[in-house]
Amino acid sequence: MRRTLQTADIALSDLIKKRNVDVKVDGGWQATEFPQFDFSRVDPEYPTKQGPYAFTRSAVLQRGQTVLRALYRRPERVVVVVSHSGFLRTAITSKQFGNADYRVYDFDEHVEPTTIDGVKIQYKLIERYETDSKGGGMGWSEIGHFGITTEDFPLMDPIKRSPDEVVDEVAELQ
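Heads up, the sequence shown is in the numbering used here, so the first residue is -19 and it goes up one at a time.
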C-alpha cells in the first residue's frame, strides 16, 4: 500500500489541495506514515492474507467485486482509483497497466451476472475508447485483454464472506 499512497500523493496532490478533494483510503497499512490520509474505512482484518484478503483467485475476484460495488454506490460522477496493476488486471479490468499509466472506465449497465470460482460477477467496467485505443492514457500499457493466468495464484480454499458483507462491515466502521 505504501507505493499506491505515494503515487496518489505525488500525482494528485495539486488536485487534492487546490480543489479540496476528499481522499478515501480503502485498504490497510501504517496510518502514522501517511497522516494526510483518512484510514477510518480500513478493515481492521487487513492485511491478514486470510479470508477476504487471501492470495487466491476467488478471494481476489471477490475483492474486485467488493471494490466495484462500493464504487458503483458512490455519489460522485468521477472517482480516481490508485492501485496495483496486478490487482487491477486480475480483479477489475483484464487490462495491463504500464507504470504510472491510467485508464478511464464507465460501469457496464447491461451486465449479465456470471459466476467464476464461486464468485458472482455482477459489476463490470467498460473502458473508454480514448484510453483503450492507445494502451492507456499515456500510451504506456499493452493493448488487449489479459485476464487471469494459471500462474497468477496458488491453489487455495475460497473465501467465506460476500462483497455485501465486507462493504457493510466497512460502512459500519465509519
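Every residue gets a Cβ at the ideal spot worked out from N, C-alpha and C, and that includes glycine. As the structure is a prediction and not an experimental result, all values here were calculated from the model.
Distance from the Cα of Val3 is smallest, within the candidate group His125, Glu25, Glu56, for Glu56.
As for any beta strand (DSSP E) of minimum length 3 sitting wholly inside the region 77 to 103, the runs are 85 to 87, 94 to 96, 99 to 101, ordered along the chain.
The secondary-structure analysis by DSSP pairs Leu105 across a beta bridge with Phe87. By the C-beta criterion, the region 117 to 127 is judged not to be in contact with the region 18 to 27, since fewer than 3 inter-stretch pairs fall below 8 Å. Of the candidates Arg(-1), Ser113, Phe133, Gln102, Ser113 places its Cα closest to the Cα of Tyr82.
With a threshold of 16 other beta carbon atoms within 10 Å, Gly98 falls short and is exposed. A direct Cα-Cα distance of roughly 29 Å separates Gln76 from Asp18. When secondary structure is reduced to three states using DSSP, Ile123 falls in the coil class, being assigned neither helix nor strand.
Distance from the CA atom of Phe35 to the CA atom of Asn79, rounded to whole angstroms, is 22 Å. Boundaries cannot be given for Arg57, as no alpha helix (DSSP H) includes it and DSSP labels it neither H nor E.
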